[in-house]
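Each residue of the sequence shown is one higher than the one before, starting from 0 at the first, in this note's numbering. Where is the CB? At the ideal position from N, CA and C, for every residue including glycine. Every value quoted in this text rests on a predicted model; they were computed, and no experiment measured them.
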Amino acid sequence: MLVDADLEKLWGAKGLTFHVNGYQIHGAGLEKYLGYPFDYISSIEALPSTRLFELWLEQKFGESVSVRAGQLAVDAEFFTTDTGGKFLNSSFGWPAIWANNLPNGGNAYPLATPGARVKVEMTDNLTFLGAIYNGNPAGCEDGQRCNRNGTDFRVQDPPFVIEEIQYKYNQRAKDGDKGDGKGGGKKDRDKEKASSDVLSLPGVIKFGAWQHFGNFKDAYSATLIDNGVNVARRVYSGNYSFYAMIDQQIYALPDDPEKGVFAFARVAGAPSDRNLIAFYIDGGVFLKGYVPNRPDDTFGAAIDYVLVSGDASRADRYLRDYEDSSYRVRNFEAVAEVFYKFQIAPGFAIQPDLQYMWNPAGGVAENKDAVYGGVRVSIAY
Numbered sequence: 000m001l002v003d004a005d006l007e008k009l010w011g012a013k014g015l016t017f018h019v020n021g022y023q024i025h026g027a028g029l030e031k032y033l034g035y036p037f038d039y040i041s042s043i044e045a046l047p048s049t050r051l052f053e054l055w056l057e058q059k060f061g062e063s064v065s066v067r068a069g070q071l072a073v074d075a076e077f078f079t080t081d082t083g084g085k086f087l088n089s090s091f092g093w094p095a096i097w098a099n100n101l102p103n104g105g106n107a108y109p110l111a112t113p114g115a116r117v118k119v120e121m122t123d124n125l126t127f128l129g130a131i132y133n134g135n136p137a138g139c140e141d142g143q144r145c146n147r148n149g150t151d152f153r154v155q156d157p158p159f160v161i162e163e164i165q166y167k168y169n170q171r172a173k174d175g176d177k178g179d180g181k182g183g184g185k186k187d188r189d190k191e192k193a194s195s196d197v198l199s200l201p202g203v204i205k206f207g208a209w210q211h212f213g214n215f216k217d218a219y220s221a222t223l224i225d226n227g228v229n230v231a232r233r234v235y236s237g238n239y240s241f242y243a244m245i246d247q248q249i250y251a252l253p254d255d256p257e258k259g260v261f262a263f264a265r266v267a268g269a270p271s272d273r274n275l276i277a278f279y280i281d282g283g284v285f286l287k288g289y290v291p292n293r294p295d296d297t298f299g300a301a302i303d304y305v306l307v308s309g310d311a312s313r314a315d316r317y318l319r320d321y322e323d324s325s326y327r328v329r330n331f332e333a334v335a336e337v338f339y340k341f342q343i344a345p346g347f348a349i350q351p352d353l354q355y356m357w358n359p360a361g362g363v364a365e366n367k368d369a370v371y372g373g374v375r376v377s378i379a380y
């Protein structure tokens, strides 16, 4: 459930809004049967709990600047793609490189943490986002257990800072700019764009980076120590990552430019010496409006690739060569996903989904490639 409130209309607080949302989570996931892979099969999977998620106030200053403060989730605004968000695997939303490198996976579903975010719309096309959060949304190794209901509100951990530049182009008119049907309004110009090449269609490019000011274990020595090898532990001060993405419509239906073919791609990297995952890339396509008599049904196909850091793999090779010849060297994990979403009625959809995973958890132990499927039913009114 969620509640959004316009406090200007309620109390006269100009430009001030309020948001809160939470979850009642049931069931268990499939990860334990796959050897706990880097990618979660379902983006809504979490330990059963009644959980508060985000709780914030946002103040707008004019038309271009806003500041949000409270309990925040980084995956609500950063490194997001509208197209990638259609898929069920969690990594197409919150990528595996961050979910496995940040303390407790970072302040992403189902964990939020206190922080503040500023948004500056520098031009109609160019936007800057920056945020600072408490660097650990929970105070133990398994954050979902020690922050069971999302009400810990930790502020004592080293900060996590993120910045992002967004460039939007060829954006369509907002609701209300209907045009005159003769080419005189922006809606009319959008229809003209629908029949032109991909360079005329809407899209967004984002570049960003994050920095964490806590201490991080050395990937090589930590792997050896975890497996009983007596070596000196090394710790690094701070961590960081860089990323980029594009979300682009590549074809628009002539009679309805809001439908057609959409594509996305994302890439991110992090230093190998202090992280389990050093490189991540994903991408996919999404189609809407192609099925006769079912104009709101959609189809999607996507794939991701998760590369284990060279330092962690080097430690695995040491364990294989000198400790246990059967020890597996982790290298990569990859997931492919396809879905078809039936729009039964407004607000009611059924989404069959099929995924294939190569090298779960990088190929450790006896993990084998796996194929799995499911159905998501969603009702929203």
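Assumed close pair residue i, residue j - CB separation to whole angstroms, cut-off 8 Å
{"i": "THR82", "j": "GLY283", "result": "7 Å"}
{"i": "PHE261", "j": "MET244", "result": "Going by Cβ atoms, the distance from PHE261 to MET244 rounds to 13 Å, so no, they are not a contact pair."}
{"i": "ILE249", "j": "ASP281", "result": "That belief does not hold up - the Cβ atoms of ILE249 and ASP281 are roughly 17 Å apart, past 8 Å."}
{"i": "THR80", "j": "ARG232", "result": "That pair is no contact at about 38 Å."}
{"i": "ASP38", "j": "VAL376", "result": "Going by Cβ atoms, the distance from ASP38 to VAL376 rounds to 22 Å, so no, they are not a contact pair."}
{"i": "ALA300", "j": "VAL334", "result": "Their Cβ separation, rounded to whole angstroms, is 12 Å, which puts ALA300 and VAL334 out of contact at 8 Å."}
{"i": "ASP272", "j": "TYR321", "result": "Actually they do not touch by this definition, with Cβ atoms about 21 Å apart."}
{"i": "LEU71", "j": "ASN106", "result": "7 Å"}
{"i": "ALA45", "j": "GLN143", "result": "6 Å"}
Residue i (DSSP reduced to helix, strand or coil)
{"i": "ASN100", "result": "helix"}
{"i": "VAL328", "result": "coil"}
{"i": "ASP320", "result": "helix"}
{"i": "ARG375", "result": "strand"}
{"i": "LEU125", "result": "strand"}
{"i": "LEU15", "result": "strand"}
{"i": "TYR355", "result": "strand"}
{"i": "GLU7", "result": "helix"}
{"i": "SER89", "result": "helix"}
{"i": "ASP310", "result": "helix"}
{"i": "ARG273", "result": "helix"}
{"i": "ASP74", "result": "helix"}
{"i": "ALA400", "result": "Nothing in the structure corresponds to residue 400, since the chain is present only between 0 and 380."}
{"i": "TYR132", "result": "strand"}
{"i": "LYS59", "result": "strand"}
{"i": "GLY84", "result": "helix"}
{"i": "GLY114", "result": "strand"}
{"i": "ALA68", "result": "strand"}
{"i": "GLY165", "result": "Note on identity: in this sequence residue 165 is Gln, with Gly being the wrong assignment. Three-state result, GLN165: strand."}
{"i": "ASP381", "result": "Absent from the model: residue 381. The displayed extent of the chain is 0 to 380, so no value can be given."}
{"i": "GLN350", "result": "strand"}
{"i": "GLN143", "result": "helix"}
{"i": "ASP303", "result": "strand"}
{"i": "ALA45", "result": "coil"}
{"i": "GLY175", "result": "Only weak support exists for where GLY175 lies, its pLDDT of 49 falling under 50; the value from the coordinates is given anyway. The answer is coil: DSSP assigns GLY175 none of H, G, I, E or B."}
Closer than 8 Å to chain C by CB, residue i
{"i": "PRO36", "result": "Going by chain labels, chain C is absent from the structure shown, which holds only one protein chain."}
Cβ-based neighbour list, residue i, same chain, cut-off 6 Å, excluding 5 preceding and 5 following
{"i": "LYS258", "result": "LEU252, LYS287, GLY288"}
{"i": "VAL154", "result": "PRO113, ASN133"}
{"i": "GLN342", "result": "ASP295, ASP296, ALA348"}
{"i": "TRP97", "result": "GLY105"}
{"i": "ASN146", "result": "ALA137"}
{"i": "THR49", "result": "GLN23"}
{"i": "PHE215", "result": "TYR235, ASN238, ARG273"}
{"i": "PRO158", "result": "ILE131, GLY134, PHE212"}
{"i": "ARG188", "result": "Here ARG188 scores only 48 on pLDDT, less than 50, and its place in the model should not be relied on; the value that follows carries that caveat. The answer is none, since no qualifying residue turns up."}
{"i": "LEU33", "result": "PRO359, ALA369"}
Contacts around residue i, its chain only, beta-carbon distance under 7 Å, and the 5 residues preceding and following it disregarded
{"i": "LEU413", "result": "In the structure as shown, the chain begins at 0 and stops at 380. Residue 413 is therefore absent and cannot be evaluated."}
{"i": "TYR326", "result": "ASP315, LEU318, ARG319"}
{"i": "ALA68", "result": "TRP55, LEU56, ALA115"}
{"i": "GLU58", "result": "Here residue 58 is Gln; the residue named in the question, Glu, does not match the sequence. Around GLN58: GLY14, LEU15, SER65, VAL66."}
{"i": "ALA379", "result": "GLY346"}
{"i": "ARG313", "result": "TYR219"}
{"i": "ASP156", "result": "ASN133, GLY134, ASN135, GLY213"}
Same chain only: Cβ atoms within 8 Å of residue i, ignoring 5 sequence neighbours per side
{"i": "VAL374", "result": "ILE349, GLN350, PRO351, ASP352"}
{"i": "LEU87", "result": "ILE40, SER41, SER42, GLU336, PHE338, GLN350, ASP352, GLN354, GLY373, ARG375"}
{"i": "GLY84", "result": "PHE91, GLY92"}
(request) Please specify which runs of the beta strand (DSSP E), each continuous and at least 3 residues long, are wholly inside the segment 180 to 266, giving them in chain order. (result) The beta strand (DSSP E) runs lying completely inside the segment 180 to 266 and spanning 3 residues or more are 202 to 216, 234 to 252, given in chain order.
(message) Quick test of the definition: if touching needs 3 or more C-beta pairs under 8 Å, does the segment 317 to 337 touch the segment 360 to 368?
(response) Counting Cβ pairs under 8 Å, three or more are found: they touch.
(request) Spell out a yes or no on whether the segment 124 to 133 and the segment 23 to 30 are touching, meaning 3 or more CB-CB pairs, one atom from each, closer than 8 Å. (result) No, the segment 124 to 133 is not in contact with the segment 23 to 30.
(message) What ranges does the alpha helix (DSSP H) occupy inside the segment 18 to 43, keeping only unbroken runs of at least 4 residues that lie completely in it?
(response) Fully contained in the segment 18 to 43 is no alpha helix (DSSP H) run of length 4 or more.
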